[in-house]
Amino acid sequence: MIEQEKINLSLNNYRLASSFCREEFSKGVVYVMTRNGTNFNTIDFNKFCSEKTFEILATKLNTRLVTTIICGLYRSPSRNLNHFF
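With this note's numbering, letter number 14 in the sequence shown gets 20, and the count goes up by one each step, no holes.
Spelled out as structure tokens, the structure:
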């Protein structure tokens with residue numbers, strides 16, 4: 007899925023909170039969707055991402071009682087492990 011296709015992404019009563027889309031390789035996209043009315047902040051990790059080596063996204067959900075951070079992280083098993091750490 008390319009960046010332009012995110013605009014057309016629609017799920018009743020939900021909105022896009024954060025995403026990661028590969029640009030150089032195919033088959034690599036992750037979305038965090040939040041219910042309409044949910045207070046959230048997108049945590050920007052794009053400068054740390056390297057496709058198929060270290061892909062990450064995060065969203066911080068804020069409620070009256072608790073703050074929760076949802077993260078998605080991927081490292082391809084075929085890539086050099088030293089590049090991950």
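For each residue, glycine too, the CB sits at the ideal point set by N, CA and C.
Everything numeric in this text was worked out from a predicted model, so none of it was measured.
If the criterion is Cβ atoms closer than 7 Å, does the pair residue i and residue j meet it?
{"i": "F92", "j": "A23", "result": "It is not possible to answer for residue 92, since the shown part of the chain is limited to 7 through 91."}
Please work out which residues of its chain come closer than 8 Å, Cβ to Cβ, to residue i, disregarding the five sequence neighbours upstream and downstream, and give them in chain order.
{"i": "M39", "result": "L17, Y20, R21, L22 and A23"}
In its own chain, which residues sit with a C-beta less than 6 Å from the C-beta of residue i, not counting the 5 before and 5 after it?
{"i": "I76", "result": "V38 and T65"}
{"i": "E61", "result": "F26, C55 and Y80"}
{"i": "T69", "result": "none"}
Short of 7 Å in beta carbon distance, which residues of its chain neighbour residue i, apart from the five on each side in sequence? Order them along the chain.
{"i": "R41", "result": "N19 and Y20"}
Return the chain-ordered ranges of every beta strand (DSSP E) run that is complete within the stretch 12 to 91 and spans a minimum of 3 residues.
20 to 27, 35 to 41, 45 to 49, 61 to 68 and 73 to 80
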